[in-house]
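Data first, discussion second: the structure below is written as structure tokens.
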Amino acid sequence: MRFATRYRCSSRAFVSCTRGEGTPRRRKCSTCGAALLIEQGAHGIYVWRGDGRYPARDAVQLFTSATVADQFASDHLADGYVVRWISSEDVPAALPRSEKPPVSKAHQLSADSWRVIGHLYDPSLINPGSRRRDPSMQVICKTQDVTRDAVVDVVERGLVRARLGLGGDDAPLEAVRRLPDSAIRLRITKAGMYHASHDPTHLVMCALRRGELSLFTLLRGLANPVGFGELCELADRRLFDTYLLGTDAEIPIRQVRDLSSFAYARQTAVGRAYAANR
Ligand SMILES: [Zn+2]
Numbered sequence: 283m284r285f286a287t288r289y290r291c292s293s294r295a296f297v298s299c300t301r302g303e304g305t306p307r308r309r310k311c312s313t314c315g316a317a318l319l320i321e322q323g324a325h326g327i328y329v330w331r332g333d334g335r336y337p338a339r340d341a342v343q344l345f346t347s348a349t350v351a352d353q354f355a356s357d358h359l360a361d362g363y364v365v366r367w368i369s370s371e372d373v374p375a376a377l378p379r380s381e382k383p384p385v386s387k388a389h390q391l392s393a394d395s396w397r398v399i400g401h402l403y404d405p406s407l408i409n410p411g412s413r414r415r416d417p418s419m420q421v422i423c424k425t426q427d428v429t430r431d432a433v434v435d436v437v438e439r440g441l442v443r444a445r446l447g448l449g450g451d452d453a454p455l456e457a458v459r460r461l462p463d464s465a466i467r468l469r470i471t472k473a474g475m476y477h478a479s480h481d482p483t484h485l486v487m488c489a490l491r492r493g494e495l496s497l498f499t500l501l502r503g504l505a506n507p508v509g510f511g512e513l514c515e516l517a518d519r520r521l522f523d524t525y526l527l528g529t530d531a532e533i534p535i536r537q538v539r540d541l542s543s544f545a546y547a548r549q550t551a552v553g554r555a556y557a558a559n560r
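Its first residue numbered 283, the sequence shown is counted upward by one per residue in our numbering.
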């Protein structure tokens with residue numbers, strides 16, 4: 283197969299060190315002057331996994347263009363695909379593929395990661411104000427009581443875009459990990475909005491943040507449909523409890539399957555952890 287070519291600064295001392303696709307015009311980094319490393323390989327499509335290990339044999343598909351690979355990943359958001367580099371010596375292990383590996387559901391986000399996303403985008407408000415523009419990582423870590431790891435997680439998954447300063451360049455993951463948190467600005471991506479507005483946990487926890495709602499409203503009134511089975515799953519995880527309407531009498535959710543307007547849901551402390559603080 284034809285290989286993809288990419289280049290990057292061998293020292294990588296600065297965030298602005300040279301990197302790019304194809305053959306470089308100069309042989310030296312335009313920031314620090316170190317020699318450029320030119321690599322051949324492929325852009326592999328993988329199902330995202332939390333541990334960062336992407337052996338070549340797990341690649342679902344290979345591309346020679348990073349742009350096309352990114353496009354493919356964002357066209358299949360529901361599959362949780364990400365793009366990772368495969369060096370040329372590992373490419374044979376990724377080929378040939380007679381069948382694709384089973385595609386797992388996108389890995390579930392932690393409560394901390396959901397608070398980061400929920401602060402940036404609230405799918406239950408159908409207006410432009412539901413999307414926050416470019417708060418700094420410092421503000422998010424403070425208001426949402428999260429560590430930097432939670433932010434790195436959602437940036438690595440492509441759900442949030444990190445930039446250096448207001449309107450600045452995209453921040454590489456290393457910068458998100460290491461630079462002062464006031465320098466990093468965050469914004470929800472299209473993938474992030476898709477994920478947030480299709481994930482039952484996020485939809486229901488965002489809706490319940492403002493108060494109790496009947497199960498009927500949760501089943502019919504959210505930005506995207508949530509099924510009764512999914513509500514049961516959330517109740518089993520103790521993200522909300524269900525009560526008979528007009529009372530404080532708790533009732534198991536499965537008993538009100540056909541009576542969804544006679545029961546309401548109230549977020550638990552665990553559930554509140556999945557919704558942004560404000
Ligand atoms: Zn450099």
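The C-beta atom is built at its ideal place from N, Cα and C for all residues, glycine as well. None of the values given here were measured: they were computed from a predicted structure.
Option nearest residue i by Cα separation, candidates the options
| i | options | result |
| --- | --- | --- |
| R339 | W367, L441, G315, S479 | W367 |
| V421 | R301, R413, T305, I466 | I466 |
| R415 | A295, Q537, L448 | L448 |
| Q537 | V458, A355, F510, T550 | F510 |
| S464 | L500, G362, C423, C299 | C423 |
| W396 | C514, R439, Y328, P306 | R439 |
| V434 | D451, L391, S412 | L391 |
| A473 | D361, D427, A453 | D361 |
| V458 | N559, V486, A432 | A432 |
| S292 | A316, R307, A286 | A316 |
| H484 | T305, V398, D372 | V398 |
| L446 | T313, V297, A478, F285 | V297 |
| V364 | L501, A376, V342, G493 | V342 |
| A286 | L501, R548, L344 | L344 |
| A551 | S412, F522, S543 | F522 |
Strand pairing of residue i, partner residues [DSSP]
| i | result |
| --- | --- |
| K310 | A317 |
| H484 | None, per the DSSP bridge assignment. |
| R288 | E303, E321 |
| L344 | G326 |
| R554 | In DSSP, R554 forms no bridge with anything. |
| W367 | H325 |
Buried or exposed by the 16-neighbour rule on C-beta atoms within 10 Å, applied to residue i
| i | result |
| --- | --- |
| P405 | buried |
| P337 | exposed |
| K387 | The predicted position of K387 is uncertain, since its pLDDT is 45 and thus under 50; no value can be drawn from it. |
| V350 | exposed |
| Q353 | exposed |
| D394 | buried |
| S347 | exposed |
| V437 | buried |
| L513 | buried |
| L541 | exposed |
| I320 | exposed |
| A295 | exposed |
| L402 | buried |
| D427 | exposed |
| T300 | buried |
| R519 | exposed |
| P534 | exposed |
Whole-Å CB distance - residue i paired with residue j, under 8 Å assumed
| i | j | result |
| --- | --- | --- |
| L497 | T524 | 7 Å |
| R290 | E303 | Their Cβ separation, rounded to whole angstroms, is 10 Å, which puts R290 and E303 out of contact at 8 Å. |
| G400 | A558 | 3 Å |
| L500 | A547 | 6 Å |
Interface flag, residue i vs chain B, CB-CB below 8 Å
| i | result |
| --- | --- |
| G315 | Chain labels in this structure do not include chain B; a single protein chain is all it has. |
Completely contained alpha helix (DSSP H) runs for the stretch 487 to 536, where each covers 4 or more residues: The qualifying runs are 497 to 502, 510 to 518.
Within the stretch 427 to 488, ranges of the beta strand (DSSP E) (whole runs, at least 3 residues): Segments of the beta strand (DSSP E) lying fully in the stretch 427 to 488: 442 to 446, 466 to 470.
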